[in-house]
Structure formats: structure tokens, C-alpha cells
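These notes are about the structure you will find just below.
Numbering (my numbering), first residue to last: 860 to 1299.
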């Protein structure tokens, strides 16, 4: 009609409308207003993101459950006056202990910075660094700049960090390689075996540590996530505690298939009794065993013992003993605060020598953490062990956060609280020291 083309008409109309809309928007929305809109959009995105983080945080860090603390009360609930605490109480005869290599320097710096920030800038306890090789000047100069506390650097003796003279080294290395073939974590890392044996039976005898009564073990690349507003050494002494931990969790069973059986046999053969022992017990299973008479590998030469153990250790369930089964719980020794007298006595020395003679530090991947823990089950009472539940600590992807119990705690949102995971052992601890959780 009259040459009218509706497609052209509506197309031009849409273009005109868009142009008009742009003009009106420019008039009604000056540059400042558009800036505000962009800012509001950014704020909205931030709020949504923070809401997501809060959700993840709450999922990973539910409120810590109430427990019966009569047998193991907290040394502090919340913050103490740290300046007053530092002035009131005398310094204990104590040191931090760290085993590190020169190549660990970045992780060491991170750990020391965290420890100084949250604790030691107020209490100024000395540091003792140990290495199986001499520390280089760069390492020492860097560490000395991080703290005003006294620092000592020591080197390990070869016989304390390596294969002892009575060991068939080729057979031991074959056993270690075999663990790697079976996919055992760190099983094929020779230095890891040396480290675990060193911390199980030698660190407390190092010349630089002999002058101390207490130690606090620190690892490279860890973080402390609460302020520590009191002196743990002082309160351990005042409350009759010998050993303190912050994380209790379950060991990988394939790393210690015979450690519990040997320890249980040692306990029975030496008539040892302790109310700590049941912390490590699972549902009872019946089995008869005697480390001195019924293990066919005992009494063989060490090389023969290794070969026999390689064939037998992993072929059957071996973590049970006379109706007692190991629940795999242990105290994580990369954070432990303890009195050296736990180790410096003939009782512990005899236990270590007996266990060491089995070859388990090579044929299996015994960690110093389960070794220390089972020794505590032999020689300490539950009243002598303390759970530092108010302290925050992160090592690798394992995290305990003191939350409302600690002082200025900052939990790590993306890491789950170890107490709330199936791999943690807080249930076993609360059952040991009381009647379970108070909210049950």
C-alpha cells in the first residue's frame, strides 16, 4: 500500500527507539550515577561471595562440642592478659625444636613468623634447629633476623640419622623400596624412615637439647591460627602434665601393621598398666601372641628378619593382640609440647631398644607419632596428657581451630575441623577423660 514496507518501517522504528533510549539514559544517568551502579554491582558480588565463604566456613567449622573437662581442663578459655602473663610467671627451662634442611628455609620462615606473631614475641623462648647436614650461612642469617630469642644450630650424628651398624643396609633398602611398590605413603623415602627413628629414640639425647627440661616441636610450613596468650610450658608444669598435643587422628594402617602387636606384647611381658592404654583400643578381638616366643621372626638375624617380615607383615590383619585391636589413634607429633623426662629414663630407653631390634623402622614405616603415642599409653596416665583444644594449628591439609575456646582464632575456611571428621580421635579422647560429649 503506497509502497509501504512494514519490515523497513519497524526496523527503522526500533533503531530510532534505541537511539532515543540512549539519549534519555545519558540525560538521566550521569557519569557519577553510572559509577554508583557499578559500585553497587561490585558490592553485591562481594556479598554473595562472602556469603558463600561463610557457608563453607560453617560447614567446615561447626561449633566445637562440649566435653567433660574435669580431668583435663583448658589452661585458658578465651584470651588472658598476655603482657601480665609474660611478667607474672617465670620462664621454664624450655626450647622450640625443629628438624629442617637448608632447602626448607621458606617453610621454616613461614612457621617462625607465625609462631612469633601469635606467641613467642611475648615469651621469647629459644629455638634449637637440627639438620643431618650443617646449616648454611644463608639459613642461619635468615633465621636470626626473625626473632630476638636465642637460636642454636646443630648437626645430627650419623648413627642417629641413618642405618645403625647392625643393619643389613641392602636388605633394609630393599624393604623400603618394597613399601614404595605397595603405595605406602613415604614408605619408599629413606630419609623419612631415618627421621621417624631419630624422633623416636634419639632427639632427646642431642647435646644441644640436654640442658632443657621441656620442648615444643615445630615443623616447617605450619601455621598457628589463634593467639596463645599464656605460657603452655608453665601451665603444663603447674598442672602435672607431661605430654601435650593439639591434633589426634588415625594412622594409615599399612604403615604400622605390627607396631601395636609388638607394643602390646612388650606391655604384657613387662607387666605395665596405665589408664591411658584404652585410648588406643578398638573393639576386642581374640588372639594369642608373645613377642619373645611366638613370633617366628624374632631371634633371626636382622637380614633374615627383614625378609620374613616383608613376606608376612602385609598378608593378614596384624594390628590386634589378645582381644585388643588398635584403633589407629595417635597424637600428631609435629605439634607436641612435652617434658623430656618422658623419654630420658631407662623404661623408655628399653622400650625403644626392644622395638628398634625388630627392624620395624625399616620393614614398616613406623612414624614417631604413633611410637610416642603408644609409649604414652605404656608409661603415662591420662591425667598427665593434655589436649590443647584452645590452640589453632594447621599442617598441610589438617587443621584444628580453637574457635570460641581460643584467643582471637581465625579458622581456615576451606579446611575442615579435624574434630568433625571421621579421621579424628576426639571421641576416643572424651570417652577416656570423661563420660563422652556433654550434648549427648
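Backbone N, C-alpha and C define an ideal beta-carbon position, used for all residues, glycine too.
(1) Check this for me: beta carbons of residue 1122 and residue 1233, under 7 Å apart or not?
(2) Let me check understanding here. Comparing Cα to Cα, which of 898, 1272, 1131 and 1255 lies closest to residue 1237?
(3) Using a threshold of 7 Å, state whether the C-beta atoms of residue 1075 and residue 1198 are closer than that.
(4) May I ask you to verify whether the stretch 1045-1063 touches the stretch 925-936, counting CB pairs closer than 8 Å and requiring at least 3?
(5) To the nearest angstrom, report how far apart residue 936 and residue 1264 are at their CA atoms.
(6) Taking residue 1114 and residue 1223 to be in contact with their CB atoms under 8 Å, please state how far apart those CB atoms are, rounded to whole angstroms.
(7) Under three-state DSSP, which class holds residue 926?
(8) Considering just the uninterrupted stretch of the beta strand (DSSP E) at residue 1035, what are its terminal residues?
(9) Do you know offhand how far residue 1084's Cα is from residue 1252's?
(10) I'd like to check one pair, residue 1055 with residue 1188: are the Cβ atoms closer than 7 Å?
(11) Would residue 1260 pass as a contact of residue 1276 if the rule is Cβ separation under 7 Å?
(12) On the DSSP letters alone, give me the boundaries of the alpha helix (DSSP H) that residue 1087 sits inside.
(13) Do you know offhand how far residue 1028's Cα is from residue 1021's?
(14) When you compare only the Cα positions, how much space is there between residue 997 and residue 1271?
(15) Beta-carbon within less than 6 Å of residue 956's beta-carbon, same chain only, minus the 5 sequence neighbours each way: which residues are those?
(16) Report yes if the C-beta distance between residue 1282 and residue 1289 is below 7 Å; otherwise report no.
(17) With respect to the alpha helix (DSSP H) encompassing residue 1212, which residues constitute its N-terminal and C-terminal limits?
(18) Could you give the distance in angstroms between the alpha-carbon of residue 1017 and the alpha-carbon of residue 992?
(19) Can you give me the Cβ contacts of residue 1134 inside the same chain, cut-off strictly under 6 Å, excluding the 5 residues immediately before and after it?
(20) Exposed or buried, which one is residue 1100 when buried takes at least 16 other CB atoms within 10 Å?
(21) Kindly indicate which three-state DSSP category residue 935 falls into: helix, strand or coil?
(22) Could you check where the beta strand (DSSP E) with residue 1011 kicks off and where it finishes?
(23) With H, G and I counted as helix, E and B as strand and the rest as coil, what does DSSP make of residue 954?
(24) Among 1256, 1214, 1250 and 1273, whose alpha-carbon lies nearest the alpha-carbon of residue 1262?
(25) Quick check on the burial criterion: 16 or more other C-beta atoms within 10 angstroms. Buried or exposed for residue 1192?
(26) So residue 1118 packs on residue 1219, CB below 8 Å; how close in whole Å?
(27) Restricting to Cα atoms, I'd like to know which of 1062, 1038, 1116 and 962 is closest to residue 954.
(28) Take residue 1274 as the anchor and find which of 1211, 1254 and 938 has the nearest alpha-carbon.
(29) Would you mind sorting residue 894 into buried or exposed? The rule is 16 or more other CB atoms within 10 Å of its CB.
(30) Start and end of the alpha helix (DSSP H) containing residue 1221?
(31) Can you give the Cα-Cα distance for residue 904 and residue 898, rounded to whole angstroms?
(32) With a CB to CB cut of under 6 Å and the five nearest residues on each side skipped, what residues in its chain are close to residue 814?
(33) Buried or exposed: residue 1097, going by 16 or more other Cβ atoms within 10 Å of its Cβ?
Reading it off the structure:
(1) As a working note, residue 1122 is residue 263 in the chain shown. As a working note, residue 1233 is residue 374 in the chain shown. Less than 7 Å separates the beta-carbon of residue 1122 from that of residue 1233.
(2) Start at 1 with the first residue of the chain shown, and residue 1237 comes out as number 378. Of the listed residues, the one whose Cα sits closest to residue 1237 is 1131.
(3) Start at 1 with the first residue of the chain shown, and residue 1075 comes out as number 216. Start at 1 with the first residue of the chain shown, and residue 1198 comes out as number 339. Result no, Cβ atoms of residue 1075 and residue 1198 do not sit closer than 7 Å.
(4) With the cut-off at 8 Å, the stretch 1045-1063 and the stretch 925-936 do not touch.
(5) Here residue 936 refers to the residue found at position 77 when the chain shown is read from its first residue. Here residue 1264 refers to the residue found at position 405 when the chain shown is read from its first residue. Between the alpha carbons of residue 936 and residue 1264 lies a gap of roughly 5 Å.
(6) Working through the chain shown from its first residue, we reach residue 1114 at position 255. Working through the chain shown from its first residue, we reach residue 1223 at position 364. Residue 1114 to residue 1223, Cβ: 7 Å. Contact.
(7) As a first step, residue 926 is located in the chain shown; it is residue number 67 there, counting from the start. Strand, per DSSP.
(8) By one-based count along the chain shown, residue 1035 stands at place 176. Element bounds for residue 1035: not the beta strand (DSSP E) but the alpha helix (DSSP H), 1028-1040.
(9) Taking the chain shown and counting its residues from 1, the one referred to as residue 1084 is at position 225. Taking the chain shown and counting its residues from 1, the one referred to as residue 1252 is at position 393. Going by the C-alpha atoms only, they are around 6 Å apart.
(10) For the purposes of this step, residue 1188 is taken as the residue at position 329 of the chain shown. For the purposes of this step, residue 1055 is taken as the residue at position 196 of the chain shown. No, the pair does not count as a contact, with Cβ atoms beyond the cut-off.
(11) Here the question's residue 1260 lines up with position 401 in the chain shown. Here the question's residue 1276 lines up with position 417 in the chain shown. A distance below 7 Å separates the beta carbons of residue 1260 and residue 1276.
(12) Numbered from its first residue, the chain shown carries residue 1087 at position 228. Segment: none, residue 1087 is in no alpha helix (DSSP H) and carries neither H nor E.
(13) As a first step, residue 1028 must be located in the chain shown, where it is residue number 169. As a first step, residue 1021 must be located in the chain shown, where it is residue number 162. One C-alpha to the other measures close to 10 Å.
(14) Start at 1 with the first residue of the chain shown, and residue 997 comes out as number 138. Start at 1 with the first residue of the chain shown, and residue 1271 comes out as number 412. Roughly 31 Å between the two C-alpha positions.
(15) Reading the chain shown from its first residue, position 97 is the one you call residue 956. In its chain, beyond the 5 residues on either side, 987, 1074 and 1076 have a beta carbon closer than 6 Å to the beta carbon of residue 956.
(16) Position 423 of the chain shown holds residue 1282. Position 430 of the chain shown holds residue 1289. Cβ distance not < 7 Å, so residue 1282 and residue 1289 don't count as in contact.
(17) Here the question's residue 1212 lines up with position 353 in the chain shown. Where residue 1212 is concerned, the enclosing alpha helix (DSSP H) stretches over 1205-1216.
(18) The residue you call residue 1017 lines up with position 158 of the chain shown. The residue you call residue 992 lines up with position 133 of the chain shown. Taking the straight line from one Cα to the other gives about 10 Å.
(19) Taking the first residue of the chain shown as 1, we reach residue 1134 at position 275. Excluding sequence neighbours, residue 1134 sits near 1240 and 1241.
(20) In the chain shown, residue 1100 corresponds to position 241, counting from 1. It is buried - the Cβ of residue 1100 has at least 16 other Cβ atoms within 10 Å.
(21) Numbered from 1 along the chain shown, position 76 holds the residue referred to as residue 935. Coil, per DSSP.
(22) To locate residue 1011, count along the chain shown from 1; it is residue 152. Segment 1010-1014, the beta strand (DSSP E) holding residue 1011.
(23) Numbered from its first residue, the chain shown carries residue 954 at position 95. Three-state result, residue 954: strand.
(24) Residue 1262 sits at position 403 when you count from the first residue of the chain shown. The residue with the shortest Cα to Cα distance from residue 1262 is 1250.
(25) Numbered from 1 along the chain shown, position 333 holds the residue referred to as residue 1192. With 16 or more other CB atoms across the displayed protein chains lying within 10 angstroms of its CB, residue 1192 is buried.
(26) Taking the first residue of the chain shown as position 1, residue 1118 is located at position 259. Taking the first residue of the chain shown as position 1, residue 1219 is located at position 360. Between residue 1219 and residue 1118 the Cβ distance is about 6 Å, and since that is below 8 Å, they are a contact.
(27) Start at 1 with the first residue of the chain shown, and residue 954 comes out as number 95. Its Cα nearest to that of residue 954, the residue 1062 stands out among 1062, 1038, 1116 and 962.
(28) Indexing the chain shown from 1 puts residue 1274 at position 415. That would be 1254, whose Cα lies nearest to the Cα of residue 1274.
(29) What you label residue 894 is simply residue 35 of the chain shown in a count that begins at 1. Residue 894 sits exposed, since fewer than 16 C-beta atoms from the chains shown fall within 10 Å of its C-beta.
(30) By one-based count along the chain shown, residue 1221 stands at place 362. Element bounds for residue 1221: 1219-1222.
(31) Numbered from 1 along the chain shown, position 45 holds the residue referred to as residue 904. Numbered from 1 along the chain shown, position 39 holds the residue referred to as residue 898. Approximately 10 Å between the Cα atoms of the pair.
(32) In this structure the chain extends from 860 to 1299, so residue 814 is not present and cannot be described.
(33) Taking the chain shown and counting its residues from 1, one reaches residue 1097 at position 238. Result: exposed.
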